[in-house]
Amino acid sequence: MLAGRRDLRKLSMVTIDGEDAKDLDDAVSIEKLPDGKYRLGVHIADVSHYVTEGSALDREAFKRGTSVYLVDRVIPMLPQKLSNGICSLNPRIDRLAFTVMMDLDASGRVTGHEIFESVINISERMTYTNVYKILEKNDEELLKRYDYLLEDFNTMEELALILRKKRMGRGAIDFDFDEAKIILDGRGKPVEVKRYETTMANRIIEEFMLACNETVAEHFHWADSPFVFRVHEDPDSEKIQAFAEFTSNLGFPLKGINKIHPRALQEILEKVRGTKEEAIVSTVMLRSLAKARYSHQNLGHFGLAAKFYCHFTSPIRRYPDLIIHRIMKDQLKGRLEGQKEEDLKERLPDIARLCSERERAAEEAERDTEDLKKVEYMKAHEGECFDGIISNVTSFGMFVELENTIEGLVRMSNMDDDYYIFDDKHYCLTGEKTRKRYRIGDKVSVRLARADLSARQIDFVLEESCEDIEEHIVKSEVQKKTSLKDIKIKRKTVDSRVAKKISGKSGRSHKTKH
2 MLAGRRDLRK LSMVTIDGED AKDLDDAVSI EKLPDGKYRL GVHIADVSHY
52 VTEGSALDRE AFKRGTSVYL VDRVIPMLPQ KLSNGICSLN PRIDRLAFTV
102 MMDLDASGRV TGHEIFESVI NISERMTYTN VYKILEKNDE ELLKRYDYLL
152 EDFNTMEELA LILRKKRMGR GAIDFDFDEA KIILDGRGKP VEVKRYETTM
202 ANRIIEEFML ACNETVAEHF HWADSPFVFR VHEDPDSEKI QAFAEFTSNL
252 GFPLKGINKI HPRALQEILE KVRGTKEEAI VSTVMLRSLA KARYSHQNLG
302 HFGLAAKFYC HFTSPIRRYP DLIIHRIMKD QLKGRLEGQK EEDLKERLPD
352 IARLCSERER AAEEAERDTE DLKKVEYMKA HEGECFDGII SNVTSFGMFV
402 ELENTIEGLV RMSNMDDDYY IFDDKHYCLT GEKTRKRYRI GDKVSVRLAR
452 ADLSARQIDF VLEESCEDIE EHIVKSEVQK KTSLKDIKIK RKTVDSRVAK
502 KISGKSGRSH KTKH
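Whatever position you read off the sequence shown (first residue = 1), add 1 for the numbering used here.
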């Protein structure tokens, strides 16, 4: 086991993941050096030791390209005996790893690094929740339980903030989209949907993995070795021109659109942060950018404002990372030369292309299942009233997002109190007679008219204030001493009215699909 490997089993290190994670492929260690520098260790599961090139396991992993994380299950790239077993960096068990040890100065600049095979033994399997409670909530029970690691966690936070400041300073684009956490019962039925909270614990791992991936990519770029880079090309000029017009109409002019720098886009995100336009500006900006992909050429990463970037840190769930591990081993041991190097150069373009395609398919499947579970959750709430915020306005209606991230459509054909005109420059709907205006970021009350499982679509209709409705119902019930049977009939009548609107039996007809 130790042949040719560095023994790091006495080095204190932890994994930090979600509570339900089982394939733990990255661990981190930290040390403050006497000269004030930081020594950051990123230790990645050595999957390539077990999945050898050309084996049946390797061929299947290549075909899959990536693990797929659906709401109710995981379709792993590798068999669970590997992904959750011998490859997973479970605590207090010796594991084979690939280590990148980096020395960083007070500004977050990597002043030196080593890359080598290692044997490690994880001190603790930490969760984002517990590290958050230690760093931000001073949880007494956790402080006592992990007292021997407290200095490490504080140093990790310190370095992560330095790395983030450095990254933002160079102009990296930092989208802050809200993600959903869908809770299922034992039968896979969604019982709760809520916003996923990103904490300092998440940021620690994010910044450390970014620094590691950049360090590895730069190392092998200058080694002039065949490699798989993670690239994000400059955006299309026409798309940026359209985005600039869009933000200008909202009151946020974009600078330098002829030769756009990511810093200009980041400045726009900073200006809209906390405003009602934040979500739509972030969404339209993302759609204006090229999609990140894998490539055998180093084309840089526009979104990260990075000259060198790759995916090295997740070989359990991503095939490009596994390929990189093999390349690194061969290059570091002097085995990458002659015909072997030529064959690899010839194969890498197709490998990168297929991995990009499999990634797209996985992302689409993950989005589809999340949408399905959200609609399934809302199905039990048809007829109920909710408060939300207008997240987008289109020619066929407006989307309303609830506090739990669930989004539904209010169709213009069902807004029958007036004839509404769509203003495509300012993204708002204005009533022709009443001049009532609905804009992105406005708070509205809606009633859930239909949750369509087959179409994975949620339809809302506008209502008066939800609080006023509830208060009116309570008063009405008290004053008229309405029987329970009468109340049920009343609610059924409301639902029938809503159903008529959706089916197009009242109000104008509108054929446009979203």
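Cβ atoms here follow ideal geometry from the backbone N, Cα and C, with glycine treated the same way. As the structure is a computational prediction, the values presented were derived from the model and not from experiment.
Task: Residues sharing a beta bridge with Met399, DSSP - done: Val394 and Val411
Open item on the list: So, with DSSP's three-state summary, where would you put Thr494?
Closed with: Caution is warranted here: a pLDDT of 39 is assigned to Thr494, below 50, making its placement in the model unreliable, and no coordinate value can be reported.
Task: As assigned by DSSP and simplified to three states, the class of Phe303 - done: coil
- [ ] Under the assumption that Ala28 contacts Ile123 (Cβ atoms under 8 angstroms), give the Cβ distance between them as a whole number of angstroms.
- [x] 6 angstroms
Task: Outcome for Glu177 when other beta-carbon atoms lying within 10 angstroms are tallied against a minimum of 16 - done: First, the amino acid is wrong: residue 177 is Asp here, not Glu. Sixteen is the threshold: since fewer than 16 other Cβ atoms of the shown chains lie within 10 Å of the Cβ of Asp177, the residue is exposed.
Open item on the list: Can you give me the C-alpha to C-alpha distance between His473 and Arg448, rounded to a whole angstrom?
Closed with: Any answer about His473 is weak, because its pLDDT of 47 lies below 50 and its placement is not dependable; what the coordinates show is given next. Answer to the nearest angstrom: the Cα atoms are 16 angstroms apart.
TODO: Compute the distance between the beta-carbons of Cys429 and Arg440, then report whether it is under 8 angstroms.
DONE: yes
Task: DSSP-derived helix/strand/coil call for Met169 - done: DSSP, reduced to helix, strand and coil, places Met169 within a helical segment of the structure shown.
TODO: Look up Ile206 in the DSSP assignment and say whether it is helix, strand or coil.
DONE: Three-state DSSP puts Ile206 in a helix.
- [ ] Ignore the nearest five residues each way along the sequence and tell me which others in Arg354's own chain have a CB closer than 6 angstroms to its CB.
- [x] Excluding sequence neighbours, Arg354 sits near nothing in its chain.
Task: Local Cβ density within 10 Å of Tyr39, reported as buried at 16 or more and exposed below that - done: buried
Task: 8 angstroms Cβ shell around Asp26 - same chain, five flanking residues per side excluded - done: Answer for Asp26: Ile45, Ala46, Val48, Cys88, Ser89, Leu90, Thr314, Ser315, Pro316, Ile317 and Arg318, listed in chain order.
- [ ] Would you list the residues sitting across from Arg96 in a DSSP beta bridge?
- [x] DSSP lists Ile121 as partners of Arg96.
Task: Closest residue to Pro191 among Thr199, Lys182 and Glu198 (Cα-Cα distance) - done: Lys182
- [ ] Given a cut-off of 8 angstroms, decide if Leu270 and Asp179 are closer than it, judged by their beta-carbon atoms.
- [x] no
- [ ] Would you give the residue range spanned by the alpha helix (DSSP H) that Glu32 belongs to?
- [x] Element bounds for Glu32: not the alpha helix (DSSP H) but the beta strand (DSSP E), Asp27 to Lys33.
TODO: To the nearest angstrom, report how far apart His326 and Glu234 are at their CA atoms.
DONE: 24 angstroms
TODO: Determine the extent of the alpha helix (DSSP H) in which Ala245 is found, giving its start and end residues.
DONE: Ser238 to Asn250
- [ ] Could you pull out every residue in the same chain whose Cβ sits closer than 7 angstroms to the Cβ of Tyr197, ignoring the five residues on either side in sequence?
- [x] Glu180, Ala181 and Lys182
Task: Range covered by the alpha helix (DSSP H) that runs through His326 - done: Tyr320 to Leu333
- [ ] Tell me whether Asp520 is buried or exposed, calling it buried when 16 or more other Cβ atoms sit within 10 Å of its Cβ.
- [x] The displayed coordinates of the chain run from 2 to 515. Any statement about residue 520 would go beyond what the structure contains.
Task: Whole runs of the beta strand (DSSP E) within the stretch 23 to 85, excluding any shorter than 3 residues - done: 27 to 33 and 39 to 46
Task: Beta bridge counterpart(s) of Met379 as assigned by DSSP - done: For Met379, which the question treats as bridged, DSSP gives no partner whatsoever.
- [ ] Would you mind reading off the limits of the beta strand (DSSP E) that contains Gln267?
- [x] Secondary structure note for Gln267: it is in no beta strand (DSSP E), and the uninterrupted alpha helix (DSSP H) holding it is Pro263 to Val273.
Open item on the list: Going by C-alpha to C-alpha distance, which of Asp104, Ile324 and Val273 sits closest to Val52?
Closed with: Ile324
- [ ] Tell me, please, which residues DSSP counts as bridged to Asp1.
- [x] Any question about residue 1 goes unanswered here, given that the chain covers just 2 to 515.
Open item on the list: In the DSSP output, what is Tyr439 paired with across the bridge?
Closed with: Leu430
Task: Beta carbon of Ala173 nearer than 8 angstroms to that of Glu208 - done: no
Task: Extent of the continuous beta strand (DSSP E) run through Thr16 - done: Val15 to Asp18
Open item on the list: Across the stretch 277 to 290 and the stretch 146 to 157, are there enough close Cβ pairs to call them in contact, namely three or more that are closer than 8 angstroms?
Closed with: no
Task: N-terminal and C-terminal residue of the alpha helix (DSSP H) that Tyr133 is part of - done: Tyr129 to Glu137
Task: Spatial distance of His427 from Pro80 (CA atoms) - done: 51 angstroms
TODO: Within its chain, find whatever has a CB closer than 6 angstroms to the CB of Arg6; leave out the 5 residues flanking it on each side and keep chain order.
DONE: In its chain, beyond the 5 residues on either side, Glu118, Ser119 and Val120 have a beta carbon closer than 6 angstroms to the beta carbon of Arg6.
TODO: Specify, as a first and last residue, the run of the beta strand (DSSP E) that Leu185 falls within.
DONE: Glu180 to Leu185
- [ ] Please go through the same chain and pick out, in chain order, the residues whose beta-carbon is closer than 8 angstroms to the beta-carbon of Ala291, but skip the five residues on each side of it.
- [x] His233, Glu234, Asp235, Pro236, Asp237 and Phe303
Task: Identified DSSP bridge partners for Lys444 - done: Ile390
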